[in-house]
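Chemist:
2 protein chains.
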Amino acid sequence: MMGLMMDRPLLTTEILKHAVRNYRKTEIVTRTVEGPVHRYTIADSAKRIAKLANALAGLGVKKGDRVGVIGWNTYRQFELYYAVGGLGAVLHTVNPRLGPENAAFVINHAEDSILFYDTTFAPLVAALKPHLKTVKHYGVLSNSENAGEAGEGALIYDDFIADHAEDFEWPEFDENTAVTMCYTSGTTGDPKGVLYSHRALVLQSFAACLPSSLGLTEGDVLLPVVPMFHVNAWNTPYSSLMTGVKQVFPGPRLDGEGLYELLDSEKVTYSAGVPTVWLGLLQYLEQTGKELPYLKAGMCGGSALPEALIRGFAKYGVELRQGWGMTEMSPIGTVNVLPPEVKALPFDEQIPYKLKAGRALPFVDMRLVDAEGHILPNDGESDGHLQVRGPWIIGEYYKTDKPTLTADGWFDTGDVAIIDEDGYMQITDRSKDVIKTGGEWVSSIDIENAAMLHPGVAQAGVIGVHHPKWQERPLLIVVKKHGQDPSAEEIKEFLKPKLDKIAWPDAVEFVKEIPIGATGKVLKTELRKMFKGYELAD
Amino acid sequence: MMGLMMDRPLLTTEILKHAVRNYRKTEIVTRTVEGPVHRYTIADSAKRIAKLANALAGLGVKKGDRVGVIGWNTYRQFELYYAVGGLGAVLHTVNPRLGPENAAFVINHAEDSILFYDTTFAPLVAALKPHLKTVKHYGVLSNSENAGEAGEGALIYDDFIADHAEDFEWPEFDENTAVTMCYTSGTTGDPKGVLYSHRALVLQSFAACLPSSLGLTEGDVLLPVVPMFHVNAWNTPYSSLMTGVKQVFPGPRLDGEGLYELLDSEKVTYSAGVPTVWLGLLQYLEQTGKELPYLKAGMCGGSALPEALIRGFAKYGVELRQGWGMTEMSPIGTVNVLPPEVKALPFDEQIPYKLKAGRALPFVDMRLVDAEGHILPNDGESDGHLQVRGPWIIGEYYKTDKPTLTADGWFDTGDVAIIDEDGYMQITDRSKDVIKTGGEWVSSIDIENAAMLHPGVAQAGVIGVHHPKWQERPLLIVVKKHGQDPSAEEIKEFLKPKLDKIAWPDAVEFVKEIPIGATGKVLKTELRKMFKGYELAD
């Protein structure tokens, strides 16, 4: 028997309408690419979103068309999120860190008909242009005053929308319609496209707004460092409007000083970004002696949250919380908000909990599977391949001929993880980065996290290298902290009480830089290339 | 172009699974019908829910079957919510306050095949039995020790589930499948059935959990006085599990003393109920001099929240918040959580905001329509018929042959309201209770609220009575507070500075009791009968 409720679609436009009705005066602040701070309200933004929708419709953008954008977190990219999706078209956010070859591939693969870009990326777009097969219009995210050479041969965004009406009759359509798309920054093979639906992002927004997730609400000020050019900026453009949070967009300045200025002047209460961003901010604070009187908490995701960062920010009264997700998960899977009984513990005893990826959001199912496909218990000990299922998790990559899911409909994350009886999930490694030594598995991430606790270590990466007896053994690769000069022996001794003996690295090598991928993760593939044929002394 | 996300249904069972995974140790506490307090955990509850599902399936309950229940808020009714819905069957919650005639009507109309009841309602069920056409099994919500005579000829719940397995393979089905049903307590005509879907209740749970709605989370303790036998207890059985809130079920004792005991012993942080319940608690506090050290806030809905209650509870450090909804809205439409800039005002200046019904939840659309069907502006001045639309709002009454919605798909609430530019909605009256006087509309509710501020007034009801010149004029009907003896003139003088002259009641009459309907609202129809043919002196 069917219920007899209204059939109303879950469209992102409804979130915008809700925000205009309930939070019209809430501000949206942007550090522009040119430098000055731009500010307007949700009501102002909605008018420009309507103008943009009218302009895009006038240019011939139809339901299902893909509109590309290569841009920083700014109010103009925010407007694109709502206007393009609201038309029933698809905003394809292109990660500029993919590199020109991959960027051209994804734009062609998505068949973008328009490509918007920030002036910063004009050289990249110029290099791409000869290779782009479907783009009919280019648009620079600027105005006639600032576009300069970057705007040559392109629509200038502010002029493009200027003469259009401030309202738009948003169409209603199936909630499973695509709204945004994003490509994985796969370290092997071509990037793969993930096509998000309105339904998926609306549901994830609800889940992200729960007090047990981000828990932001009216009066909170969010600075999303996590880029809009990748996985919907962790859904913040939607969840912020759902509860009336003031957004502060950092534009291109993601360095410690640039972020600090906005955190301070806009009284930001919450931020979100990858560990390297938080590290940059922490170093800035330590160097300048500045404080963070307004910031209460932050979400850290993209790769494991190092203990040193948790402790470093705790000194400033900021609670860093780990989140875990994937491009294929829209992207949020788990968030680590501690329950009251853990928060009541002394700080040091909270650390083991904080180092976990957190507990899954409602409607995100997780399971652990061993190499033979048997489902393992969530007992806090068994580690297995982490598979997930839920309404904001990928069903199929875009234009693929291979099955994306397991035969019984789960997505294999490529991570190895443990889940305990209270639902806390902990990634022990990427399946392909696990070090297989003498028939046992050693987590490269555990070693990296332990090494990051050494005061002389700025960055750490661990790979398995060939060993004649044990098959593989861990090699620790370290970038020293500025002004510090730890020795390999000193670091090895430091690690001994922190790790099981099987995980003690056989060698430590120092490098100037550890290669970081387009989404802030250590590129193990590059490390493996750098240390190809490495011979252990023993 | 469709998104390429997984197709996963929004089923209430997923909320239960989530709670077992993340909040297994969270308690559920019940004051039983027999008196003693029962306590178990979410993990225990899930096992009994599985046993119940197995038992019901064994009894032949199939997808779409209706299972009736007449019961208090207890862990057993809570188990029915999840087990019946999880099977794809429909839990029909019967309001015992409907009276025997209407109760028989709704059970026959819903075609319930089983009827569960608390021992309290055994006499009611005995009286109903000869009139029930479809009920094949009766089940008493008790155990063999306590069922006594009430259990004669009935399954005894605890025995019924005892020998069944503690796990159940919950089926997956269309999220639009019905999960619960409830009949309106319409004051005219037969009760009308509302059939809620899994999708509607899951979405409403997400919305209810937002920090801008109930905002409850782990560590919070909720005592829902709002009954599970009507409109899903404001969705609390679902939203509590979504965020791991400890629930405290009051069973049959809803008097001030009974509630106080649990609020105190279980350290309840949040409660929810109709104004009469809050009033009973306030009177108990005033009479006993007791305090509420744990309770932080409460939701008050069902009818307008009187200023006297807001002020009364503020003295105890409890923030009463108004909510508004309807049986036809699952039921939550608006919640009044004040934004930081209003909370920063002196308390007296917050009152006008607190007296509003609040702002709509995301995905609840509201509009005002005048008598000619023109849409009115949300300007804080225009009042019109309030119409609503959204994914948890009724599409059609059960087995009706009349259209439930307007021609363009909105549900007319039967309320007259104002909406301001910040989204605050204020009910000015029920459409049929508005007093039409000399071509103008006067709100009966405004007069009632003003009268309730008088220290000698315990309850107030206002109806329009015939006036030879003005067509209708307001008559104020008052129940005096215990030990107080205000005069009609004194009350009239008291109201003058509080109301526009047009709203000054022409007469005040005193009664021992004002009739209250099955959901705690003043029964205006009964008042009109009591004062039929009333002649104004002037």
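Keeping their order, the protein sequence lines are chains A and B. Numbering-wise, the first sequence is residues 1 to 538 according to my numbering. Numbering-wise, the second sequence is residues 539 to 1076 according to my numbering. Beta carbons: idealized from backbone N, C-alpha and C, even for Gly. Since we're looking at a predicted model, the values are computed, not measured.
#1: Using a Cβ-Cβ distance under 9 Å, would A:S142 count as near chain B?
#2: Tell me which same chain residues have a C-beta within less than 6 Å of the C-beta of A:C209, skipping the five on either side of it?
#3: Give the interface partners of A:D7 over in chain B, defined as CB-CB distance under 7 Å, in chain order.
#4: Would you kindly check if the distance between the Cβ of B:Y619 and the Cβ of B:T718 is under 9 Å?
#5: Going along chain A, which residues have a C-beta under 9 Å from B:C720?
#6: Rounded C-beta distance between B:V673 and B:I652? I'm assuming under 8 Å.
#7: Please classify B:Y721: does DSSP put it in a helix, a strand, or coil?
#8: Any beta carbon of chain B sitting closer than 9 Å to that of A:Y196?
#9: On the three-state DSSP scale, how would you describe B:I931?
#10: What first and last residue would you give for the alpha helix (DSSP H) that runs through B:P638?
#11: Assuming contact is defined by CB atoms lying nearer than 9 Å, are A:T12 and A:L201 in contact in what I supplied?
#12: Using a threshold of 9 Å, state whether the C-beta atoms of B:A955 and B:L991 are closer than that.
#13: Express the C-alpha separation of A:N54 and A:H164 in angstroms, rounding to a whole number.
#14: Please list the partners that A:R21 has in chain B, where partner means a Cβ-to-Cβ separation under 8 Å.
#15: Identify which residue in A:I516, A:K532, A:Y424, A:P362 has its Cα closest to the Cα of B:H556.
#16: Compute the minimum distance between the beta carbon of B:V1060 and the heavy atoms of the ligand GTP, and state whether it is under 8 Å.
#17: Counting only beta-carbon separations shorter than 9 Å, does B:D971 have a partner in chain A?
#18: Quick one: what's got a C-beta closer than 7 Å to B:V763's C-beta in the same chain, skipping five residues either side?
#19: Starting from the beta carbon of A:N176, find every residue of chain B whose beta carbon is closer than 9 Å, and list them in chain order.
#20: Which residues in the same chain as A:P282 place their Cβ atom closer than 6 Å to its Cβ, once the five residues preceding and following it in sequence are excluded?
#21: Is it a yes or a no for the stretch 653-668 of chain B touching the stretch 626-638 of chain B, going by three-plus beta-carbon pairs under 8 Å?
#22: What are the boundary residues of the alpha helix (DSSP H) that B:E1031 is part of?
#23: Just tell me which of A:A154, A:K521, A:A360 has its CA closest to the CA of B:R559.
#24: Less than 9 Å separating the beta-carbons of B:F616 and B:M766?
#25: Check distances from the C-beta atoms of the stretch 228-245 of chain A to those of chain B and list, in chain order, the residues that come in under 8 Å.
#26: For A:S212, collect the residues of the same chain with a Cβ closer than 6 Å to its Cβ; drop the 5 residues on either side in sequence, then sort them by chain order.
#27: Let me know the secondary structure DSSP gives A:S271 once reduced to three states.
#28: Indicate whether at least one CB of chain B lies closer than 9 Å to the CB of A:L210.
#29: For chain A, check one thing: does any of its Cβ atoms lie closer than 9 Å to the Cβ of B:H647?
#30: Going straight from the alpha carbon of A:I28 to that of B:T1063, what length do you get?
#31: For the beta strand (DSSP E) that contains B:L761, what are its first and last residues?
#32: With a cut-off of 8 Å on the beta carbons, I'd call A:L203 and A:A178 a contact; round off their distance for me.
#33: Rounded to a whole number of angstroms, what is the C-alpha to C-alpha distance between A:E396 and A:D365?
#34: Whose C-beta lies closer than 6 Å to the C-beta of A:D383 among residues of the same chain, with five residues either side of it excluded?
#35: Closer than 9 Å by beta-carbon distance: list the chain A residues that pair up with B:F787, in chain order.
#36: What are the complete alpha helix (DSSP H) segments, minimum 4 residues, inside the stretch 108-168 of chain A?
Modeler: Reading off the structure:
#1: Taking the first sequence and counting its residues from 1, one reaches residue 142 of chain A at position 142. No, its Cβ sits nowhere closer than 9 Å to a Cβ of chain B.
#2: Counting from 1 along the first sequence, the entry for residue 209 of chain A is found at position 209. Taken in chain order, the residues that qualify are S239, M242, T243.
#3: As a first step, residue 7 of chain A must be located in the first sequence, where it is residue number 7. Neighbours of A:D7 on chain B, chain order: G933.
#4: Residue numbering aside, residue 718 of chain B sits at position 180 when the second sequence is read from its first letter. Residue numbering aside, residue 619 of chain B sits at position 81 when the second sequence is read from its first letter. Yes. Within cutoff.
#5: If you number the second sequence from 1, residue 720 of chain B lands on position 182. None at all; the shortest Cβ gap to chain A is about 12 Å.
#6: For the purposes of this step, residue 673 of chain B is taken as residue 135 along the second sequence, with counting starting at 1. For the purposes of this step, residue 652 of chain B is taken as residue 114 along the second sequence, with counting starting at 1. Their Cβ separation, rounded to whole angstroms, is 7 Å, which keeps B:V673 and B:I652 in contact under 8 Å.
#7: Locating residue 721 of chain B in the second sequence gives position 183, counting from the first residue. In the structure shown, B:Y721 sits in a strand (DSSP, three-state: E or B).
#8: To locate residue 196 of chain A, count along the first sequence from 1; it is residue 196. Closer than 9 Å: yes.
#9: Your numbering for residue 931 of chain B matches position 393 in the second sequence. Residue state, collapsed to three classes: coil.
#10: As a working note, residue 638 of chain B is residue 100 in the second sequence. Where B:P638 is concerned, the enclosing alpha helix (DSSP H) stretches over 638-648.
#11: Taking the first sequence and counting its residues from 1, one reaches residue 12 of chain A at position 12. Taking the first sequence and counting its residues from 1, one reaches residue 201 of chain A at position 201. Yes, they are a contact pair.
#12: Taking the second sequence and counting its residues from 1, one reaches residue 955 of chain B at position 417. Taking the second sequence and counting its residues from 1, one reaches residue 991 of chain B at position 453. Cβ distance not < 9 Å, so B:A955 and B:L991 don't count as in contact.
#13: Within the first sequence, the letter at position 164 stands for residue 164 of chain A. Within the first sequence, the letter at position 54 stands for residue 54 of chain A. Whole-angstrom Cα-Cα distance: 6 Å.
#14: The sequence position of residue 21 of chain A within the first sequence is 21, counting from 1. Those within 8 Å of A:R21 in chain B are R897, A898, N916, G961.
#15: Reading the second sequence from its first residue, position 18 is the one you call residue 556 of chain B. It is A:P362 whose Cα lies nearest to the Cα of B:H556.
#16: This structure does not include the ligand GTP; it has no bound ligands of any sort.
#17: Against the second sequence, residue 971 of chain B aligns to sequence position 433. Judged by the 9 Å Cβ criterion, B:D971 is not in contact with chain A.
#18: Numbered from its first residue, the second sequence carries residue 763 of chain B at position 225. If we look at B:V763 and ignore the five residues flanking it on each side, its Cβ neighbours are P788, L792, L797, S809, A810, G811, V815.
#19: Against the first sequence, residue 176 of chain A aligns to sequence position 176. Near A:N176 (Cβ distances below 9 Å), the residues of chain B are M540, G541, M543, D545.
#20: Your numbering for residue 282 of chain A matches position 282 in the first sequence. One point to set straight first is that residue 282 of chain A is Leu, not Pro, in the sequence displayed. Cβ neighbours of A:L282 beyond the five flanking positions: G312.
#21: yes
#22: One-based indexing of the second sequence puts residue 1031 of chain B at position 493. 1026-1033 is the span of the alpha helix (DSSP H), which, as asked, contains B:E1031.
#23: Position 21 of the second sequence, counted from the start, is the residue given in the question as residue 559 of chain B. For the residues A:A154, A:K521, A:A360, the minimum Cα distance to B:R559 belongs to A:A360.
#24: The count along the second sequence starts at 1 and reaches residue 616 of chain B at position 78. The count along the second sequence starts at 1 and reaches residue 766 of chain B at position 228. Taking 9 Å as the Cβ cut-off, B:F616 and B:M766 qualify as a contacting pair.
#25: M242, T243, G244
#26: Taking the first residue of the first sequence as 1, we reach residue 212 of chain A at position 212. Hits under 6 Å: V337.
#27: Counting from one through the first sequence, the residue named residue 271 of chain A turns up at place 271. Correct three-state label for A:S271: strand.
#28: Start at 1 with the first residue of the first sequence, and residue 210 of chain A comes out as number 210. Taking Cβ atoms only, chain B reaches closer than 9 Å to A:L210, which makes this a yes.
#29: By one-based count along the second sequence, residue 647 of chain B stands at place 109. No, B:H647 does not count as interfacial toward chain A.
#30: To locate residue 28 of chain A, count along the first sequence from 1; it is residue 28. To locate residue 1063 of chain B, count along the second sequence from 1; it is residue 525. The alpha-carbon atoms of A:I28 and B:T1063 are separated by roughly 50 Å.
#31: As a position in the second sequence, residue 761 of chain B is number 223, starting the count at 1. Taken as a continuous stretch (DSSP letters only), the beta strand (DSSP E) holding B:L761 covers 759-762.
#32: For this step, residue 203 of chain A is matched to residue 203 along the first sequence. For this step, residue 178 of chain A is matched to residue 178 along the first sequence. Their Cβ separation, rounded to whole angstroms, is 15 Å, which puts A:L203 and A:A178 out of contact at 8 Å.
#33: By 1-based counting over the first sequence, the position of residue 396 of chain A is 396. By 1-based counting over the first sequence, the position of residue 365 of chain A is 365. Distance between the alpha carbons of A:E396 and A:D365: 17 Å.
#34: One-based indexing of the first sequence puts residue 383 of chain A at position 383. V416, I418, T428, listed in sequence order.
#35: Residue 787 of chain B sits at position 249 when you count from the first residue of the second sequence. Simply none; closest approach about 21 Å.
#36: 122-128, 144-147, 157-162
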